[in-house]
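With the working numbering applied, the sequence shown corresponds to residues 775 to 1145, in that order. Structure, as structure tokens:
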Amino acid sequence: MTDRSHNFGAGPGVLPEPVLLQAQQDLWNIAGSGIGIAEHSHRGKVFDKIILEAEDEARRLAGIPDNYKVLFIQGGATQQFAMVPMNLLPAGGVADYLLTGVWAEKAWKEAQKFGTTHVAVSGEGSKYTRIPAVAEITYSAKPAYVHLTTNNTIYGTQWKTEPPVPLGVPLVADTSSDMFSRPIDVSKYGLIYAGAQKNLGPSGIVMVIMRADLADAAPAALPTMLQYRTYLKERSLYNTPPTFAIYMVGLVLKWIRETGGLAGMAERNAEKAKLVYDFLDQSALFQAPVHPDSRSLMNIVFRCPTEELDTKFLGEAGKRGLSGLKGHRSAGGMRASVYNACPRGSVVALVDFMKEFELANPVRAGASGQV
Ligand SMILES: *Cc1c(COP(=O)(O)O)cnc(C)c1O
């Protein structure tokens, strides 16, 4: 659609166009019910079908085993930073955190409010420009769980595979920025959570996939809405959930299935990211600070030799309909978020513009490599 920009925003991010077009209709009148999706009771038949289908789509996509539940919870991924330790860290227990960026650090800081934590590894020394090697990880004697952030949205790094954890210890993953961007073996995890607004839908909802038995240990005194048990028992319908956001997640998951499932998604995402990284690797102007082995396929971080050039690049990109490219304030430079729904055409448009910009702003001898 010609009136839409190429959106590289980190979140809320771009949504699939077929999903937006469907939502336009359903907002007015869904399934011939005479009522729009945002106006239906969460206790009625129409919405019940929607939430069941959203769960079902997730189960089919990821082959989620029967002993895992799919939950929809409000409060963003940030609330999960608290709910995880509140529910899974018993008194006297220790929770291990793998620190690979800003969000991982925030999750760890929040956990400290509820009990003892252990930093099993920290990438701070390398300014979070690479994912630590397995050999660098040192777990505590008997962690209650291990927490990792699969994709580091701000620094642009991504775990290529899950690190090993001690036998029987649940792995808890914040997958907010790469959920369902590639196949995932749910059985390797105790709990997976993802704020929807990057790869799954609009903001306002978090998808949690958890091994059902893990919900049992939480103290009964926890507020009702902060216990996973409540969501398990009530199918995420204890109170009024964000019905529209759940509806959108269902549509996005259906779109993923219809366009090739997680394997197809992974293939397209790898190809899109490669277009940008290949260009960056041969560019004399742009630099990619992330170690090649650790590069994220979702958030591509790059910069020019000077901040002035970064600013110029962002200004001219904006005029060309390339939006959302400014890096996070803690990382600077540029960041192209190329989530599931980011069309290949947007990525091509970005690389074409980068080529043009480089030609128009040739690097002076000796200036490259300067960060
Ligand atoms: C965006 C993001 C968050 C924060 O999500 P909210 O829904 O705003 O709380 C947490 N973790 C990761 C990895 C993210 O990318």
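Cβ atoms here follow ideal geometry from the backbone N, Cα and C, with glycine treated the same way. Predicted model, so just to flag it, every value in this text is computed and none were measured.
Asked	Found
Which of helix, strand or coil DSSP assigns to Y1002	helix
Collapsed DSSP secondary structure at V868 in the structure displayed	strand
Where the beta strand (DSSP E) through R1009 begins and ends	That residue, R1009, is in no beta strand (DSSP E); it is neither H nor E in DSSP.
Short Cβ contact (7 Å threshold) for F1076 with F1053	no
DSSP state of I809 mapped onto helix, strand, coil	coil
Sequence-distant residues of its chain with Cβ nearer than 7 Å to P976 (five each side left out)	P786, A970, A1019 and M1022
Counted within 10 angstroms of its Cβ, other Cβ atoms place T912 as buried (16 or more) or exposed	exposed
beta-carbon T874 near ligand 1 non-hydrogen atom, thresh 6 Å	no
Separation of P839 from L1027, as counted between CA atoms	17 Å
Minimum C-alpha distance to G830 - residue among H816, S950 and F846	Note on residue identity: the sequence assigns Asp, not Gly, to residue 830. That would be F846, whose Cα lies nearest to the Cα of D830.
Endpoints, alpha helix (DSSP H) assigned at K880	V876 to A885
Any non-hydrogen atom of ligand 1 closer than 6 Å to D952 Cβ	no
Proximity winner among K823, I824, I825 and V844, relative to R833 (alpha-carbon distances)	V844
For G1143, three-class secondary structure by DSSP	Any reading at G1143 must be qualified, since the residue scores a pLDDT of 49, below 50, and its modelled position is unreliable; the value itself is stated next. Coil.
Distance, I804 Cα to A812 Cα	9 Å
Cutoff 7 Å; reference F1131; Cβ partners in own chain excluding five residues on either side	F1087 and E1090
Per DSSP, the bridge partner or partners of I1074	A1110
Cα-Cα separation, A991 to A907	32 Å
A851 Cβ short of 6 Å to ligand 1 heavy atom set	yes
Under the three-state DSSP convention, the category Y1021 falls into	helix
G818 to P790 span [Cα, whole Å]	27 Å
Check whether N766 and S955 have beta carbons under 7 Å apart	Residue 766 falls outside the range modelled here, since the chain spans only 775 to 1145, and no answer is possible.
contact_flag[the region 979-999, the region 867-880] where n(CB pairs < 8 Å) is 3 or more	no
Buried or exposed (CB count within 10 angstroms, at least 16 for buried), K972	buried
Minimum C-alpha distance to D800 - residue among L1025, Y963 and T949	L1025
From M1108, V1064, E884 and K1093, residue whose alpha carbon lies closest to that of L1083	M1108
Euclidean distance between Cα positions of Q1144 and I825	Its pLDDT being 47, under 50, Q1144 is placed unreliably by the model, and nothing is read from it.
DSSP bridge partner residues for K1100 (one or two, in chain order)	M1108
Which of helix, strand or coil DSSP assigns to G1038	helix
G785 beta carbon near ligand 1 (any heavy atom closer than 6 Å)	yes
For A851, three-class secondary structure by DSSP	helix
Validate contact between the region 875-895 and the region 1028-1038 using beta carbons, cut 8 Å, 3 pairs	no
Close beta carbons around A828, own chain, < 7 Å, minus the five adjacent residues each side	I1020, V1023, G1024 and L1027
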